[in-house]
């Protein structure tokens, strides 16, 4: 079958200009992309022994461009599954990975060649040679050859298995789904890719360190410049500026910037309301660097000073974060679900100790109330996507190289750990002075090869006195990066 496809392939001239690809500094090698594609084929065959001796074709497509209005595109964001195997920011492309039973897989990219008019308006893209050097692809072809190549090979192939993402086939054009329907076996591919992406390579771990460092220093700069700010929108603009000036491509997701009681809306995205002088501000933001994302949450008072109830809740939450980080370091076999249960116990105890509840309650009810105060999971996996490798369960032991968050803290093999307390204004079980306060602390953590816990976002200040100093100190002529010395050394 490989020969059937490859006989039809025509290499695009290295001087020809192909559809837009954002030029970037090479961080993942072409050899690693090639190995990823081979690993996927091997994983599919291992997962389904019945296809071990069959021809196998994997179909993956890139994201497509969308438009506000005619000729006005939305900012393009690549599908992470496509980028994981190619390293390309190529829109409207299809990747075919084809393999005979015992042969090395062959990778072919089908792309739309840019017209002279497109080059005039949008500039040239990367050449075919440049694309091959980035991704290690075997062949690069024009998109209009895709269906013909598949028809001449798959149509007449006996025992062919096709693996694809259902969403891909639902959105792909040119009748590809009809062509593939002639094959005798179909295998979903997303969960197998997630299993590969879950454990980060050495190069990926370095990229996670970099994106988290950019995110942490940007968060510090935003906090330093937010004293007395009057509207949530101003902080959105500052976030965008700070991550871009440090080398990130963009914010990793629409940030949450929530002042006062609006912090109790977990995914509050309006960020256009006035800020009162007495408000605390919750900022949940990260950046994307070379396709990898950070995810950080910090809380600070717009005046530079916490009120007594605000400080009590913040100290309780900050203590939970510190204790959970200690728990991570002391536990040999970590599972996200077990981290969550531990977090609830810590939150229950700390909220009781600060006298948050309006009456004495028993231990069982205390745990129930703590669960209501933090209605989301403590953690999610982190990587190319903010909620990375979603098909990987949270009840399995974490392995070296996994990244995740902890919320109220975030954990990275890569992972993120987030600890949160949301006290709605109508929660009558909580004393009045604590109502309407929402807080979350989130960090990104890497589980190392020897079980060590590396807090990738350690440079983002969270100690309350460091936050106060950061907001009160004016350093004329100095970069905001200087504020990293105020980090909480206990991390």
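Residue numbers (our numbering): -1 to 489.
We put the beta carbon where it would ideally sit given N, CA and C, even for glycine.
Just so we're clear, the structure is a prediction, and the values are computed from it rather than from any experiment.
- Three or more Cβ pairs closer than 8 Å define a contact, and the segment 453 to 469 meets that threshold against the segment 203 to 223.
- When beta bridges are read from the DSSP output, residue 453 appears opposite 443.
- The segment 305 to 325 and the segment 351 to 358 touch, with no fewer than 3 CB-CB distances between them shorter than 8 Å.
- Collapsing the DSSP output to three states places residue 296 in a strand.
- Per DSSP, the beta-bridge partners of residue 401 are 444.
- Ranked by Cα distance from residue 429, the options 349, 466, 379 are led by 349.
- Distances from the alpha-carbon of residue 190 to those of 436, 391, 431 put 391 closest.
- DSSP places residue 471 in no alpha helix (DSSP H); its state is neither H nor E.
- Within the same chain, Cβ atoms closer than 6 Å to the Cβ of residue 135 are found at 105, 107, the five residues on either side in sequence being excluded.
- When the alpha-carbon of residue 371 is set against those of 38, 377, 319, 427, the nearest one is in 427.
- Look at residue 215 here: in three-state DSSP terms it is helix.
- Beyond the five residues adjoining it in sequence on each side, residue 50 comes within less than 6 Å, by CB distance, of 43 in the same chain, given in chain order.
- Judged by DSSP secondary structure, residue 349 falls within the alpha helix (DSSP H) whose first and last residues are 334 to 351.
- Take the alpha-carbon of residue 322 and the one of residue 265: they are about 23 Å apart.
- Contact check for residue 401 against residue 381 passes: the beta carbons are separated by less than 8 Å.
- DSSP places residue 104 inside the beta strand (DSSP E), whose first and last residues are 104 to 109.
- Judged by their CB atoms, residue 440 and residue 317 are not nearer to each other than the 8 Å cut-off.
- Contact check between the segment 65 to 74 and the segment 30 to 41: fewer than three CB pairs, one atom from each, fall below 8 Å, which does not count as touching.
- In the DSSP assignment, residue 369 falls within the alpha helix (DSSP H) that extends over 361 to 371.
- In the DSSP assignment, residue 307 falls within the unbroken alpha helix (DSSP H) covering 306 to 328.
- If you draw a 10 Å sphere on the C-beta of residue 198, you find 16 or more other C-beta atoms in it, and that means buried.
- Contact annotation: residue 109 and residue 56 have beta-carbon atoms that are not nearer than 8 Å.
- Annotation: the continuous beta strand (DSSP E) that includes residue 282 extends over 278 to 283.
- Your pair residue 255 and residue 279 checks out as a contact, with CB atoms roughly 7 Å apart and the cut at 8 Å.
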